[in-house]
Amino acid sequence: MLKSIIEKIENKERIDEQEALALYNMDMLQLGELAGAIRTQKYGKKSYFN
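The opening residue of the sequence shown carries number 141 in this note's numbering; numbering runs sequentially from there.
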């Protein structure tokens with residue numbers, strides 16, 4: 141199930157409530173890697189600290 145959720149997120153598709161709960165219960169390291177990949181896809185590798 142997590143693989144299909146990750147594919148939906150990568151394809152910029154909406155997830156439903158059950159899928160959101162699955163992400164909530166996901167391993168923190170795996171969730172962080174997914175979030176980092178999405179951030180890089182949206183904004184590139186540059187970071188700014190103000």
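The beta-carbon is built from N, C-alpha and C at its ideal position, and this holds for glycine as well. On a predicted model such as this, the values are computed, not experimentally measured, just so you know.
Cα atoms of residue 172 and residue 178: separation of roughly 10 angstroms, rounded to the nearest angstrom. The DSSP assignment places complete alpha helix (DSSP H) segments of no fewer than 4 residues inside the segment 141-181 at 142-150, 157-164, in order along the chain.
In this structure, the straight-line span from the alpha carbon of residue 155 to that of residue 164 is close to 12 angstroms. Beta-carbon to beta-carbon, residue 162 and residue 142 are separated by about 6 angstroms, close enough to satisfy the 8 angstroms threshold.
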